[in-house]
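Participant: After the structure tokens below, expect a handful of questions from me.
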Amino acid sequence: YKKIHEASNSKLTDVLLKATLSSFLNEDSLYKFEFKNYLPFLGTDYKDWNSFESYSSDKLNEFHFALMNYSSLPTLLHYEDRNSMAHSIESRVPFLDHRLVELLFQFPFELKISDGWTKYALRKSMEDVLPKEIQWRTDKKGFVTPGEILWLRGSLSHLLDIDYNQLTFLDKSKTVKIIDEFKKGNNKYATLVWRIATLAHWLKNQQ
Numbered sequence: 733y734k735k736i737h738e739a740s741n742s743k744l745t746d747v748l749l750k751a752t753l754s755s756f757l758n759e760d761s762l763y764k765f766e767f768k769n770y771l772p773f774l775g776t777d778y779k780d781w782n783s784f785e786s787y788s789s790d791k792l793n794e795f796h797f798a799l800m801n802y803s804s805l806p807t808l809l810h811y812e813d814r815n816s817m818a819h820s821i822e823s824r825v826p827f828l829d830h831r832l833v834e835l836l837f838q839f840p841f842e843l844k845i846s847d848g849w850t851k852y853a854l855r856k857s858m859e860d861v862l863p864k865e866i867q868w869r870t871d872k873k874g875f876v877t878p879g880e881i882l883w884l885r886g887s888l889s890h891l892l893d894i895d896y897n898q899l900t901f902l903d904k905s906k907t908v909k910i911i912d913e914f915k916k917g918n919n920k921y922a923t924l925v926w927r928i929a930t931l932a933h934w935l936k937n938q939q
């Protein structure tokens with residue numbers, strides 16, 4: 733049980749870290765961050781990010797299969813299910829319909845990633861449906877929590893009393909600066925402040 737619990741905490745930490753990073757990294761940068769997580773385990777022929785597009789379709793499918801079954805997706809779905817059930821919501825994830833997933837695994841490489849564009853088939857299918865700036869956007873970010881400003885300036889203001897010794901992976905001076913600015917009324921980095929505060933609170937409760 734202890735090993736399972738520790739593994740679960742490790743996965744949750746990874747998800748929270750990625751959520752924090754998604755506040756200031758665009759989609760391409762997040763892919764590179766994910767890629768670096770696997771770097772120590774890759775052969776010498778695959779350690780260069782620029783060589784990623786030279787992967788065969790089989791290699792790409794193996795990578796997507798691992799993401800879907802062993803790393804990011806199972807963890808995200810685990811907490812998505814817990815959160816939705818806690819509020820009696822029957823949530824659905826239509827992109828995970830097994831028929832769609834099975835079809836996409838048969839797609840050739842160039843329909844998945846083309847000239848650096850991810851989700852290429854999906855983007856092309858939205859031609860004349862979405863505005864170009866949406867169809868070809870590169871700054872997609874994770875879902876945000878709408879109430880962070882109200883909460884952090886109200887009943888959850890105590891979360892801003894952060895133990896920075898727990899956040900050694902962040903630049904302390906920059907983190908302190910944006911949180912101080914938020915306390916003074918600057919909402920520019922409110923989402924990032926919220927994520928840092930909740931991550932610090934979670935880490936504190938793991939002790």
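For the sequence shown, our numbering gives the first residue as 733, with consecutive numbering after it. The C-beta atom is built at its ideal place from N, Cα and C for all residues, glycine as well.
#1: Determine the direct distance from the alpha carbon of W868 to that of R855, and round the result to whole angstroms.
#2: Within the 8 Å Cβ cut-off, does K906 reach chain B?
#3: Below 8 Å on the Cβ atoms is my guess for I911 versus L888; work out the distance and round it to an integer in Å.
#4: What is the rounded straight-line gap between the Cα of R831 and the Cα of N937?
#5: Does the distance from the CB of L884 to the CB of V925 come in under 8 Å?
#6: How many Å lie between N897 and N919 at the Cα?
#7: Using DSSP with H/G/I as helix, E/B as strand and the rest coil, what is T907?
#8: Considering D813, what are the terminal residues of the alpha helix (DSSP H) in which it resides?
#9: Distance, Cα to Cα, L899 vs H933?
#10: Applying the 10 Å Cβ sphere with the 16-neighbour rule, what's the burial state of A798?
#11: How is the alpha helix (DSSP H) around V925 delimited, first residue to last?
#12: Since A922 contacts E880 with CB under 8 Å, what's their CB separation in whole angstroms?
#13: From the DSSP output, which residues share a beta bridge with I845?
Facilitator: Result, derived from the coordinates:
#1: Here residue 855 corresponds to residue number 123 of the sequence shown, with the count starting at 1. Here residue 868 corresponds to residue number 136 of the sequence shown, with the count starting at 1. Answer to the nearest angstrom: the Cα atoms are 7 Å apart.
#2: Given the protein chain composition of this structure (a single chain), no chain B is represented.
#3: Within the sequence shown, residue 911 is the residue found at index 179, counting from 1. Within the sequence shown, residue 888 is the residue found at index 156, counting from 1. Contact doesn't hold; Cβ gap of about 14 Å is too wide.
#4: One-based indexing of the sequence shown puts residue 831 at position 99. One-based indexing of the sequence shown puts residue 937 at position 205. C-alpha separation (whole angstroms): 41 Å.
#5: On the sequence shown, residue 884 is found 152 positions in, with the first residue counted as 1. On the sequence shown, residue 925 is found 193 positions in, with the first residue counted as 1. Taking 8 Å as the Cβ cut-off, L884 and V925 qualify as a contacting pair.
#6: Taking the first residue of the sequence shown as position 1, residue 897 is located at position 165. Taking the first residue of the sequence shown as position 1, residue 919 is located at position 187. Taking the straight line joining both Cα atoms gives about 24 Å.
#7: Here the question's residue 907 lines up with position 175 in the sequence shown. Residue state, collapsed to three classes: helix.
#8: Sequence index remark: in the sequence shown, residue 813 carries index 81 (1-based). Note, D813: alpha helix (DSSP H), 804-818.
#9: One-based indexing of the sequence shown puts residue 899 at position 167. One-based indexing of the sequence shown puts residue 933 at position 201. In a straight line, the C-alpha of L899 is about 11 Å away from that of H933.
#10: Counting from one through the sequence shown, the residue named residue 798 turns up at place 66. By the 10 Å Cβ count, A798 comes out exposed.
#11: Position 193 of the sequence shown, counted from the first residue, corresponds to residue 925. V925 -> alpha helix (DSSP H) spans 922-937.
#12: Residue numbering aside, residue 922 sits at position 190 when the sequence shown is read from its first letter. Residue numbering aside, residue 880 sits at position 148 when the sequence shown is read from its first letter. That belief holds up - the Cβ atoms of A922 and E880 are roughly 5 Å apart, short of 8 Å.
#13: Residue numbering aside, residue 845 sits at position 113 when the sequence shown is read from its first letter. Its beta-bridge partners are T850.
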